[in-house]
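Below: the structure, in structure tokens.
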Amino acid sequence: MVESPRTRSLVKTLTWRVVATSDTFLIAWLITGKIDWAAGIAGVEVITKMFLYYFHERIWNRIGWLRPKDREEHTTIFPFRD
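Counting from -9, one number per residue, gives the positions in the sequence shown under my numbering.
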């Protein structure tokens, strides 16, 4: 399967939002003590930050700084990444 940078960015955006929004919900709940407030805060945050992250990722995909030159170098520098 050929990897599309846009598809990869979208999948990374969605999976990160699950983690980050769960964190926001938990923090908001601990601070406010109210589940409905925590859900409201997390609900707004999930939408805004999903767009921000996606565009941030797309911009970084255009920047060559700190990017390995080829796949072989990539596996040497980041051995645990695919």
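The beta-carbon is built from N, C-alpha and C at its ideal position, and this holds for glycine as well.
Do you know how far the Cα of residue j is from the Cα of residue i?
i, j, result
"tryptophan 5", "alanine 28", "Before going on, a small fix: residue 5 reads as threonine here, not tryptophan. Distance between the alpha carbons of threonine 5 and alanine 28 is about 20 Å."
"glycine 30", "serine 12", "12 Å"
"threonine 22", "alanine 32", "13 Å"
"methionine 40", "arginine 7", "6 Å"
"isoleucine 25", "valine 36", "16 Å"
"valine 9", "isoleucine 17", "13 Å"
"leucine 0", "serine -6", "10 Å"
"leucine 20", "asparagine 51", "36 Å"
"leucine 56", "threonine 38", "28 Å"
"valine 34", "glycine 54", "33 Å"
Assign residue i to buried or exposed, taking buried as 16 or more other Cβ atoms, counted over all protein chains shown, within 10 Å of its Cβ.
i, result
"isoleucine 49", "exposed"
"histidine 46", "exposed"
"threonine -3", "exposed"
Provide the residue span of the alpha helix (DSSP H) that contains residue i, from first to last.
i, result
"isoleucine 25", "25 to 52"
"leucine 0", "-5 to 22"
Thinking residue i and residue j are a contact (beta carbons under 8 Å), I'd like their distance in whole angstroms, please.
i, j, result
"tyrosine 43", "threonine 14", "Not quite, the Cβ-Cβ distance comes to about 13 Å (not below 8 Å), so this is no contact."
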